[in-house]
Amino acid sequence: MQDILIVTTIVLSVFVIVLIIYLIPVVFQVKKTAKEAEETLKALSELSKEMKFLVVKFQDRADDLGSVFSSIEKALSGIAGIFSLFSFNLLKKTSKLAPFVTALLSAWGLIKKIKGGKKYGRE
Numbered sequence: 024m025q026d027i028l029i030v031t032t033i034v035l036s037v038f039v040i041v042l043i044i045y046l047i048p049v050v051f052q053v054k055k056t057a058k059e060a061e062e063t064l065k066a067l068s069e070l071s072k073e074m075k076f077l078v079v080k081f082q083d084r085a086d087d088l089g090s091v092f093s094s095i096e097k098a099l100s101g102i103a104g105i106f107s108l109f110s111f112n113l114l115k116k117t118s119k120l121a122p123f124v125t126a127l128l129s130a131w132g133l134i135k136k137i138k139g140g141k142k143y144g145r146e
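Read left to right, the sequence shown gives residues 24 to 146 (my numbering).
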């Protein structure tokens with residue numbers, strides 16, 4: 024019986040020694056990994072602060088661009104209004120000249136016919 028107790032004690036002692044030999048590098052690796060994780064989290068924290076600053080700056084620039092686009096839209100609508108007014112007034116004024124232009128072209132055609140020349144570019 025005493026032999027079984029000695030063998031069991033030796034086996035348990037070897038098991039504990041192997042376990043300790045295995046766990047020591049694992050503990051060191053876990054400690055190293057935790058330290059690297061802590062450094063990474065610090066870096067991420069700093070990057071997060073910088074990112075928040077950049078987001079605020081970007082939002083300010085976007086607001087500025089929004090006001091610029093709004094001004095451009097107002098200017099373009101004003102220009103479009105001017106062109107529509109200009110084209111309406113031009114059409115209105117030229118419509119009064121249409122009978123005069125038609126009479127001139129007819130007279131020109133008669134003059135060419137009398138002289139025996141080309142009529143409206145045809146022979």
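Yeah, the Cβ is synthetic: ideal placement off N, Cα and C, and Gly gets one too.
Here's the rule I'm using: 16 or more other beta-carbon atoms within 10 Å means buried, otherwise exposed. How should residue i be labelled?
| i | result |
| --- | --- |
| E146 | At E146 the pLDDT is 49, less than 50, meaning the model places this residue with poor confidence and gives no usable figure here. |
| I27 | exposed |
| F92 | exposed |
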